[in-house]
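Q: Sharing a structure below in structure tokens format, with a few things to ask.
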Amino acid sequence: MLDIKFIRENIDKVKKSIKDRGMKADVDRLLKLDEERRKMLTEVEKLKHIHNEASDEIARLKSEKKDIKSKIAEMKTLSHKIKK
């Protein structure tokens with residue numbers, strides 16, 4: 055099995071090798087799916103960062119005895135986005 059990074063960096067070499075072996079594989083589709091996966095991971099990381107910041111803010115507001123209901127509602131919405 056080839057590492058996806060190797061495939062990204064050596065597209066022509068991988069395609070030629072597959073063809074020479076008489077195999078069928080859609081390298082372009084694989085690379086497109088990999089790109090989509092990496093974009094989704096980036097988005098999830100951003101959402102997790104926002105979630106962590108909101109958690110810190112809730113803790114701060116709670117210690118200051120301020121209302122945290124709206125922040126908690128935002129956090130629930132964000133948590134659902136992350137799970138998707």
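If you're matching positions, the sequence shown starts at 55 in the working numbering and goes up one per residue. For every residue, glycine included, the Cβ atom is placed at its ideal position computed from N, Cα and C.
For residue 58, tell me which candidate among 74, 87, 77, 76 has the shortest Cα-Cα distance.
A: 87
Q: Hey, could you find the ends of the alpha helix (DSSP H) residue 64 is sitting in?
A: Annotation for residue 64: no alpha helix (DSSP H) segment contains it, and DSSP assigns it neither H nor E.
Q: Classify residue 75 as helix, strand or coil using the three-state DSSP reduction.
A: coil
Q: Going by DSSP, what residue range makes up the alpha helix (DSSP H) through residue 135?
A: 123–137
Q: What span of residues does the alpha helix (DSSP H) with residue 111 cover, start to end?
A: 81–117
Q: Under three-state DSSP, which class holds residue 120?
A: coil
Q: Are the CB atoms of residue 61 and residue 81 nearer to each other than 8 Å?
A: yes
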